[in-house]
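Everything below concerns the one structure shown next.
Residue numbers (this note's numbering): 1 to 394.
Below is the structure:
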(Lines of atoms letter the chains of each structure in order from A and count residues from 1; the text may use other names and numbers.)
(Lines give C-alpha, C1' and ligand atoms only; values in the text may rest on other atoms or scores of the structure.)
Protein backbone atom coordinates (compact mmCIF):
# COMPACT_ATOMS: atom_id res chain seq x y z
CA UNK A 1 0.00 0.00 0.00
CA UNK A 2 1.30 3.44 -0.90
CA UNK A 3 0.63 6.53 1.19
CA UNK A 4 0.78 10.13 -0.01
CA UNK A 5 3.74 11.95 1.57
CA UNK A 6 2.05 15.21 2.48
CA UNK A 7 5.04 16.30 4.52
CA UNK A 8 7.81 15.64 1.99
CA UNK A 9 8.30 19.39 1.63
CA UNK A 10 9.36 19.73 5.27
CA UNK A 11 12.90 19.21 6.56
CA UNK A 12 13.41 16.28 8.93
CA UNK A 13 12.48 16.93 12.54
CA UNK A 14 15.29 18.60 14.49
CA UNK A 15 16.16 15.93 17.04
CA UNK A 16 16.48 12.93 14.69
CA UNK A 17 18.76 15.16 12.61
CA UNK A 18 20.79 15.95 15.71
CA UNK A 19 21.15 12.27 16.55
CA UNK A 20 22.29 11.55 12.99
CA UNK A 21 24.86 14.35 13.26
CA UNK A 22 26.33 13.43 16.64
CA UNK A 23 25.61 9.90 17.74
CA UNK A 24 28.18 8.09 15.61
CA UNK A 25 30.91 10.27 17.19
CA UNK A 26 32.28 9.75 20.69
CA UNK A 27 31.72 12.66 23.09
CA UNK A 28 34.84 14.55 24.15
CA UNK A 29 33.78 14.62 27.80
CA UNK A 30 30.96 13.66 30.13
CA UNK A 31 27.79 14.11 28.02
CA UNK A 32 25.74 17.18 28.95
CA UNK A 33 22.52 17.83 27.08
CA UNK A 34 21.73 21.48 26.44
CA UNK A 35 19.74 20.78 23.29
CA UNK A 36 16.19 20.09 24.53
CA UNK A 37 14.01 22.67 26.25
CA UNK A 38 12.66 20.34 28.91
CA UNK A 39 12.44 22.24 32.24
CA UNK A 40 14.38 20.69 35.11
CA UNK A 41 13.57 23.06 37.97
CA UNK A 42 11.38 21.55 40.67
CA UNK A 43 7.62 21.73 40.19
CA UNK A 44 5.40 22.39 43.24
CA UNK A 45 5.63 19.45 45.64
CA UNK A 46 1.89 19.52 46.31
CA UNK A 47 1.06 18.55 42.70
CA UNK A 48 1.52 14.82 43.34
CA UNK A 49 -0.61 15.03 46.50
CA UNK A 50 -3.51 16.57 44.56
CA UNK A 51 -3.23 13.88 41.88
CA UNK A 52 -3.28 11.15 44.53
CA UNK A 53 -6.26 12.72 46.32
CA UNK A 54 -8.19 12.73 43.05
CA UNK A 55 -6.98 9.36 41.77
CA UNK A 56 -10.53 7.98 41.69
CA UNK A 57 -10.99 10.20 38.65
CA UNK A 58 -8.84 7.84 36.61
CA UNK A 59 -11.90 5.59 36.63
CA UNK A 60 -13.99 8.10 34.65
CA UNK A 61 -13.81 9.57 31.18
CA UNK A 62 -12.43 13.11 31.56
CA UNK A 63 -14.33 16.27 30.69
CA UNK A 64 -13.73 16.98 27.01
CA UNK A 65 -13.41 20.76 27.27
CA UNK A 66 -11.86 20.95 30.74
CA UNK A 67 -13.62 20.79 34.10
CA UNK A 68 -15.40 23.96 35.25
CA UNK A 69 -12.79 24.31 38.00
CA UNK A 70 -9.91 24.15 35.52
CA UNK A 71 -11.52 26.51 33.01
CA UNK A 72 -12.30 28.96 35.82
CA UNK A 73 -8.71 28.80 37.10
CA UNK A 74 -7.31 29.49 33.63
CA UNK A 75 -9.72 32.38 33.03
CA UNK A 76 -8.82 33.87 36.42
CA UNK A 77 -5.11 33.61 35.57
CA UNK A 78 -5.73 35.40 32.26
CA UNK A 79 -7.45 38.15 34.22
CA UNK A 80 -4.60 38.53 36.72
CA UNK A 81 -1.83 38.30 34.15
CA UNK A 82 -3.25 40.40 31.32
CA UNK A 83 -6.06 42.41 32.91
CA UNK A 84 -8.57 40.91 30.49
CA UNK A 85 -11.89 39.37 31.51
CA UNK A 86 -12.74 36.15 29.68
CA UNK A 87 -15.52 33.65 30.27
CA UNK A 88 -14.00 30.28 31.11
CA UNK A 89 -17.16 28.47 30.05
CA UNK A 90 -17.20 29.84 26.49
CA UNK A 91 -13.80 31.43 25.73
CA UNK A 92 -11.30 28.94 27.18
CA UNK A 93 -10.53 25.35 26.36
CA UNK A 94 -8.09 23.13 28.21
CA UNK A 95 -5.49 21.54 25.95
CA UNK A 96 -3.46 18.36 26.25
CA UNK A 97 -0.33 20.49 25.95
CA UNK A 98 0.04 23.58 23.78
CA UNK A 99 1.06 21.61 20.68
CA UNK A 100 -2.42 20.06 20.47
CA UNK A 101 -3.93 23.51 20.16
CA UNK A 102 -1.32 24.85 17.73
CA UNK A 103 -2.07 21.97 15.39
CA UNK A 104 -5.80 21.44 15.89
CA UNK A 105 -6.70 25.12 15.53
CA UNK A 106 -5.95 24.76 11.83
CA UNK A 107 -8.21 21.73 11.54
CA UNK A 108 -11.02 23.45 13.39
CA UNK A 109 -11.17 26.95 11.92
CA UNK A 110 -9.06 27.32 8.77
CA UNK A 111 -11.07 27.77 5.54
CA UNK A 112 -10.38 25.56 2.52
CA UNK A 113 -9.80 28.59 0.30
CA UNK A 114 -9.09 32.29 0.79
CA UNK A 115 -9.73 34.87 -1.91
CA UNK A 116 -10.60 31.93 -4.19
CA UNK A 117 -7.13 30.44 -3.83
CA UNK A 118 -5.14 28.06 -1.67
CA UNK A 119 -4.89 29.75 1.74
CA UNK A 120 -1.60 30.87 3.29
CA UNK A 121 -0.41 30.30 6.86
CA UNK A 122 2.23 32.76 8.03
CA UNK A 123 4.90 31.66 10.50
CA UNK A 124 8.27 32.90 11.72
CA UNK A 125 11.52 31.44 10.42
CA UNK A 126 13.07 29.83 12.53
CA UNK A 127 9.79 28.11 13.37
CA UNK A 128 8.15 25.46 15.51
CA UNK A 129 7.36 22.67 13.08
CA UNK A 130 3.84 22.15 14.43
CA UNK A 131 2.93 25.39 12.62
CA UNK A 132 4.11 24.10 9.24
CA UNK A 133 2.61 20.63 9.68
CA UNK A 134 -0.73 22.22 10.59
CA UNK A 135 -0.65 24.22 7.38
CA UNK A 136 0.20 21.25 5.18
CA UNK A 137 -2.40 19.05 6.90
CA UNK A 138 -5.23 21.36 5.83
CA UNK A 139 -3.86 22.09 2.37
CA UNK A 140 -2.59 25.58 3.17
CA UNK A 141 0.70 27.02 1.98
CA UNK A 142 3.20 27.65 4.80
CA UNK A 143 4.95 30.98 4.23
CA UNK A 144 7.98 31.31 6.50
CA UNK A 145 9.05 34.88 7.19
CA UNK A 146 12.61 35.50 8.46
CA UNK A 147 12.90 36.54 12.11
CA UNK A 148 16.44 37.90 12.19
CA UNK A 149 18.53 40.36 14.14
CA UNK A 150 17.55 43.00 11.57
CA UNK A 151 13.85 42.51 12.40
CA UNK A 152 14.33 42.24 16.16
CA UNK A 153 14.06 38.43 15.87
CA UNK A 154 10.34 38.74 15.13
CA UNK A 155 8.85 38.31 11.65
CA UNK A 156 7.91 41.41 9.66
CA UNK A 157 4.67 40.14 8.19
CA UNK A 158 3.70 43.57 6.88
CA UNK A 159 6.63 43.38 4.44
CA UNK A 160 4.88 40.68 2.42
CA UNK A 161 3.15 41.58 -0.86
CA UNK A 162 -0.54 42.49 -0.56
CA UNK A 163 -1.51 39.61 -2.84
CA UNK A 164 0.08 37.18 -0.37
CA UNK A 165 -1.49 38.84 2.66
CA UNK A 166 -4.92 38.66 1.03
CA UNK A 167 -4.58 34.85 0.95
CA UNK A 168 -3.62 34.54 4.64
CA UNK A 169 -6.12 32.69 6.83
CA UNK A 170 -3.92 32.01 9.89
CA UNK A 171 -0.83 33.75 11.20
CA UNK A 172 1.38 32.07 13.81
CA UNK A 173 3.55 34.18 16.07
CA UNK A 174 5.62 33.07 19.07
CA UNK A 175 6.32 35.63 21.81
CA UNK A 176 8.54 35.31 23.72
CA UNK A 177 10.13 33.70 20.71
CA UNK A 178 11.75 30.29 20.53
CA UNK A 179 14.71 30.21 20.01
CA UNK A 180 15.77 33.87 20.19
CA UNK A 181 13.97 35.04 23.34
CA UNK A 182 12.58 38.15 21.64
CA UNK A 183 9.42 39.83 22.96
CA UNK A 184 6.61 41.38 20.92
CA UNK A 185 5.93 44.77 22.46
CA UNK A 186 2.58 46.56 22.47
CA UNK A 187 3.37 48.34 19.19
CA UNK A 188 4.16 45.03 17.47
CA UNK A 189 0.88 43.51 18.64
CA UNK A 190 -1.05 46.63 17.64
CA UNK A 191 0.44 46.62 14.14
CA UNK A 192 -0.14 42.89 13.68
CA UNK A 193 -3.76 43.21 14.78
CA UNK A 194 -4.27 46.05 12.32
CA UNK A 195 -2.70 43.96 9.54
CA UNK A 196 -4.98 41.04 10.41
CA UNK A 197 -8.01 43.32 10.32
CA UNK A 198 -6.97 44.80 6.98
CA UNK A 199 -6.43 41.41 5.34
CA UNK A 200 -8.98 39.44 7.37
CA UNK A 201 -6.93 36.68 8.97
CA UNK A 202 -6.72 35.19 12.47
CA UNK A 203 -3.66 35.34 14.72
CA UNK A 204 -2.49 32.30 16.68
CA UNK A 205 -0.24 33.64 19.44
CA UNK A 206 2.02 30.97 20.93
CA UNK A 207 2.81 32.47 24.35
CA UNK A 208 4.01 29.36 26.15
CA UNK A 209 7.21 31.13 27.33
CA UNK A 210 5.31 34.14 28.67
CA UNK A 211 6.22 33.60 32.33
CA UNK A 212 10.00 33.16 31.94
CA UNK A 213 11.32 36.68 31.45
CA UNK A 214 13.69 39.40 32.63
CA UNK A 215 12.34 42.72 33.81
CA UNK A 216 8.80 43.62 32.83
CA UNK A 217 6.30 40.88 31.91
CA UNK A 218 5.95 40.43 28.14
CA UNK A 219 2.78 42.05 26.78
CA UNK A 220 0.22 39.59 25.48
CA UNK A 221 -2.07 39.58 22.48
CA UNK A 222 -5.25 39.33 24.57
CA UNK A 223 -4.53 42.66 26.28
CA UNK A 224 -3.54 44.27 22.98
CA UNK A 225 -6.72 43.01 21.32
CA UNK A 226 -8.84 44.37 24.16
CA UNK A 227 -7.22 47.81 23.87
CA UNK A 228 -7.69 47.78 20.09
CA UNK A 229 -11.32 46.69 20.39
CA UNK A 230 -10.61 43.69 18.16
CA UNK A 231 -13.15 40.96 17.61
CA UNK A 232 -12.32 38.17 20.11
CA UNK A 233 -12.54 35.71 17.21
CA UNK A 234 -9.57 37.48 15.59
CA UNK A 235 -7.05 36.08 18.09
CA UNK A 236 -6.27 32.73 19.67
CA UNK A 237 -3.81 32.81 22.57
CA UNK A 238 -2.00 29.64 23.63
CA UNK A 239 -0.56 29.20 27.13
CA UNK A 240 0.91 26.26 29.02
CA UNK A 241 2.13 25.03 32.39
CA UNK A 242 5.14 23.26 30.84
CA UNK A 243 7.55 26.20 31.11
CA UNK A 244 5.65 28.39 33.57
CA UNK A 245 5.48 25.66 36.21
CA UNK A 246 8.14 23.08 35.13
CA UNK A 247 5.42 20.56 34.35
CA UNK A 248 5.94 19.42 30.75
CA UNK A 249 4.60 15.96 31.60
CA UNK A 250 1.33 17.24 33.06
CA UNK A 251 0.26 18.34 29.56
CA UNK A 252 -1.84 21.25 30.72
CA UNK A 253 -2.24 23.95 28.12
CA UNK A 254 -5.04 26.31 27.19
CA UNK A 255 -6.41 28.23 24.23
CA UNK A 256 -8.34 31.47 24.77
CA UNK A 257 -10.39 33.04 21.98
CA UNK A 258 -13.89 34.05 20.96
CA UNK A 259 -16.83 31.72 21.64
CA UNK A 260 -17.22 30.58 18.02
CA UNK A 261 -13.55 29.59 17.66
CA UNK A 262 -13.70 27.73 20.97
CA UNK A 263 -16.93 25.98 19.94
CA UNK A 264 -15.27 24.70 16.77
CA UNK A 265 -12.12 23.55 18.59
CA UNK A 266 -14.22 21.75 21.19
CA UNK A 267 -16.24 20.05 18.47
CA UNK A 268 -13.05 18.73 16.87
CA UNK A 269 -11.77 17.50 20.26
CA UNK A 270 -15.03 15.62 20.81
CA UNK A 271 -14.32 13.48 17.74
CA UNK A 272 -10.56 13.12 17.68
CA UNK A 273 -8.96 14.63 20.78
CA UNK A 274 -7.48 13.39 24.02
CA UNK A 275 -8.62 15.37 27.06
CA UNK A 276 -6.53 15.54 30.21
CA UNK A 277 -7.39 12.87 32.85
CA UNK A 278 -9.48 14.22 35.72
CA UNK A 279 -6.79 13.92 38.44
CA UNK A 280 -4.42 15.89 36.23
CA UNK A 281 -7.08 18.51 35.58
CA UNK A 282 -7.51 18.90 39.35
CA UNK A 283 -3.76 19.39 39.79
CA UNK A 284 -3.59 21.78 36.85
CA UNK A 285 -6.35 23.98 38.30
CA UNK A 286 -4.35 24.38 41.50
CA UNK A 287 -1.15 25.14 39.59
CA UNK A 288 -2.80 27.82 37.45
CA UNK A 289 -4.03 29.43 40.68
CA UNK A 290 -0.58 29.61 42.34
CA UNK A 291 2.07 32.23 41.52
CA UNK A 292 4.67 31.67 44.26
CA UNK A 293 6.34 28.80 42.44
CA UNK A 294 6.35 30.81 39.19
CA UNK A 295 8.20 33.68 40.85
CA UNK A 296 10.82 31.27 42.18
CA UNK A 297 11.18 29.62 38.79
CA UNK A 298 11.72 33.01 37.17
CA UNK A 299 14.34 33.90 39.80
CA UNK A 300 16.34 30.79 38.97
CA UNK A 301 16.27 31.51 35.27
CA UNK A 302 17.28 35.08 36.03
CA UNK A 303 20.44 33.80 37.69
CA UNK A 304 21.18 31.74 34.58
CA UNK A 305 20.58 34.73 32.30
CA UNK A 306 23.06 36.75 34.38
CA UNK A 307 25.55 33.88 34.24
CA UNK A 308 25.26 33.73 30.44
CA UNK A 309 25.77 37.49 30.17
CA UNK A 310 28.98 37.22 32.20
CA UNK A 311 30.36 34.34 30.17
CA UNK A 312 29.47 35.64 26.69
CA UNK A 313 29.45 39.42 27.25
CA UNK A 314 32.40 40.11 24.93
CA UNK A 315 31.45 37.58 22.24
CA UNK A 316 30.72 39.50 19.02
CA UNK A 317 27.03 39.23 18.16
CA UNK A 318 25.92 37.93 21.55
CA UNK A 319 22.46 39.24 22.46
CA UNK A 320 21.12 38.70 25.99
CA UNK A 321 17.71 37.03 25.72
CA UNK A 322 14.77 39.00 27.07
CA UNK A 323 12.69 35.93 27.85
CA UNK A 324 12.36 32.18 27.38
CA UNK A 325 15.19 29.90 28.44
CA UNK A 326 17.39 29.57 25.38
CA UNK A 327 20.56 31.26 24.19
CA UNK A 328 20.79 31.94 20.47
CA UNK A 329 24.55 32.05 20.03
CA UNK A 330 26.20 33.24 16.80
CA UNK A 331 28.58 30.83 15.05
CA UNK A 332 29.95 30.58 11.49
CA UNK A 333 28.22 27.24 10.82
CA UNK A 334 25.67 25.74 13.22
CA UNK A 335 26.18 22.07 12.34
CA UNK A 336 29.97 22.34 12.43
CA UNK A 337 29.81 24.16 15.78
CA UNK A 338 27.57 21.52 17.39
CA UNK A 339 29.72 18.68 16.09
CA UNK A 340 32.89 20.38 17.38
CA UNK A 341 31.29 20.93 20.79
CA UNK A 342 30.21 17.29 21.06
CA UNK A 343 33.52 15.83 19.92
CA UNK A 344 35.67 18.11 22.10
CA UNK A 345 33.55 18.65 25.24
CA UNK A 346 30.52 16.32 25.31
CA UNK A 347 28.12 19.29 25.36
CA UNK A 348 25.09 18.68 23.15
CA UNK A 349 23.42 21.73 21.56
CA UNK A 350 21.04 22.15 18.64
CA UNK A 351 22.10 23.60 15.28
CA UNK A 352 20.01 26.65 14.49
CA UNK A 353 19.76 25.45 10.90
CA UNK A 354 17.52 22.61 12.13
CA UNK A 355 14.97 25.15 13.39
CA UNK A 356 14.92 27.26 10.24
CA UNK A 357 14.51 26.79 6.55
CA UNK A 358 15.92 28.36 3.42
CA UNK A 359 12.95 30.33 2.13
CA UNK A 360 14.79 32.05 -0.73
CA UNK A 361 17.14 34.29 1.25
CA UNK A 362 19.08 31.62 3.13
CA UNK A 363 18.33 29.78 6.35
CA UNK A 364 18.21 32.38 9.17
CA UNK A 365 19.18 29.75 11.74
CA UNK A 366 22.32 28.55 9.98
CA UNK A 367 24.59 31.00 11.80
CA UNK A 368 23.40 30.16 15.33
CA UNK A 369 23.22 27.36 17.86
CA UNK A 370 20.42 27.01 20.39
CA UNK A 371 21.48 26.36 23.97
CA UNK A 372 18.85 25.38 26.57
CA UNK A 373 19.36 26.78 30.09
CA UNK A 374 17.30 24.09 31.79
CA UNK A 375 19.95 22.02 33.59
CA UNK A 376 20.75 22.55 37.29
CA UNK A 377 22.79 25.68 38.02
CA UNK A 378 26.21 24.06 38.33
CA UNK A 379 25.75 21.99 35.17
CA UNK A 380 24.53 25.04 33.28
CA UNK A 381 27.58 27.05 34.30
CA UNK A 382 29.91 24.19 33.39
CA UNK A 383 28.25 23.76 30.00
CA UNK A 384 28.30 27.46 29.15
CA UNK A 385 31.96 27.71 30.15
CA UNK A 386 32.84 24.78 27.89
CA UNK A 387 30.91 26.36 25.01
CA UNK A 388 32.77 29.63 25.53
CA UNK A 389 36.21 28.02 25.54
CA UNK A 390 35.49 25.60 22.70
CA UNK A 391 33.79 27.92 20.22
CA UNK A 392 35.00 31.42 21.05
CA UNK A 393 38.42 31.19 22.69
CA UNK A 394 40.13 28.71 20.39
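A virtual CB, placed ideally from N, CA and C, is assigned to each residue, including glycine.
What you are looking at is a predicted structure, and each value in this text was computed from that prediction instead of being measured.
Applying the criterion that 16 or more other CB atoms from any shown protein chain within 10 Å of the CB defines a buried residue, is residue i buried or exposed?
i: residue 65; result: buried
i: residue 88; result: buried
i: residue 56; result: exposed
i: residue 295; result: exposed
i: residue 361; result: exposed
i: residue 117; result: exposed
i: residue 93; result: buried
i: residue 251; result: buried
i: residue 194; result: exposed
i: residue 380; result: buried
i: residue 394; result: exposed
i: residue 19; result: exposed
i: residue 271; result: exposed
i: residue 36; result: exposed
i: residue 139; result: exposed
i: residue 13; result: exposed
i: residue 85; result: exposed
i: residue 123; result: buried
i: residue 206; result: buried
i: residue 232; result: buried
Please classify residue i: does DSSP put it in a helix, a strand, or coil?
i: residue 117; result: strand
i: residue 255; result: strand
i: residue 167; result: coil
i: residue 96; result: strand
i: residue 368; result: strand
i: residue 239; result: strand
i: residue 381; result: helix
i: residue 104; result: helix
i: residue 230; result: coil
i: residue 446; result: Look at the range of the chain in this structure, 1 to 394, and you will see that residue 446 is not part of it.
i: residue 84; result: coil
i: residue 260; result: helix
i: residue 389; result: helix
i: residue 43; result: coil
i: residue 151; result: helix
i: residue 70; result: helix
i: residue 133; result: helix
i: residue 359; result: coil
i: residue 161; result: coil
i: residue 268; result: helix
i: residue 21; result: helix
i: residue 16; result: helix
i: residue 225; result: helix
i: residue 375; result: coil
i: residue 110; result: coil
i: residue 63; result: coil
i: residue 89; result: helix
Using the DSSP secondary-structure output, state which residues sit across from residue i in a beta bridge.
i: residue 144; result: 123
i: residue 56; result: Residue 56 is not bridged to any residue.
i: residue 33; result: 348
Say whether chain D places a C-beta atom closer than 9 Å to the C-beta of residue i.
i: residue 38; result: Absent from the structure: chain D. Only one protein chain is present.
Based on Cα-Cα distance, which residue from the options lies nearest to residue i?
i: residue 130; options: 252, 77 and 173; result: 173
i: residue 164; options: 149, 280 and 142; result: 142
i: residue 137; options: 106, 167 and 114; result: 106
i: residue 374; options: 42, 21 and 26; result: 42
i: residue 327; options: 336, 135, 344 and 351; result: 351
i: residue 147; options: 296, 12 and 357; result: 357
i: residue 267; options: 29, 48 and 63; result: 63
i: residue 30; options: 214, 309, 364 and 342; result: 342
i: residue 317; options: 385, 149 and 371; result: 149
i: residue 39; options: 385, 371 and 386; result: 371
i: residue 385; options: 355, 345, 353 and 367; result: 345
i: residue 73; options: 308, 291 and 300; result: 291
i: residue 60; options: 280, 335, 262 and 238; result: 280
i: residue 22; options: 353, 309 and 336; result: 336
i: residue 245; options: 180, 298 and 68; result: 298
i: residue 133; options: 196, 184 and 99; result: 99
i: residue 104; options: 227, 170 and 157; result: 170
i: residue 203; options: 269, 121, 248 and 91; result: 121
i: residue 112; options: 355, 156 and 168; result: 168
i: residue 256; options: 339, 392, 17 and 237; result: 237
Legend entry - Segments assigned alpha helix (DSSP H), at least 4 residues, entirely inside the stretch 169-222: Counting only runs of at least 4 residues, the stretch 169-222 fully encloses the following alpha helix (DSSP H) elements, listed from N- to C-terminal order: 186-199.
Inset, instruction - Run through the stretch 272-357 for me and flag every whole beta strand (DSSP E) of 3 or more residues, listed as ranges in chain order. - result: Counting only unbroken stretches of 3 or more residues, the beta strand (DSSP E) elements lying wholly within the stretch 272-357 are 326-330, in sequence order.
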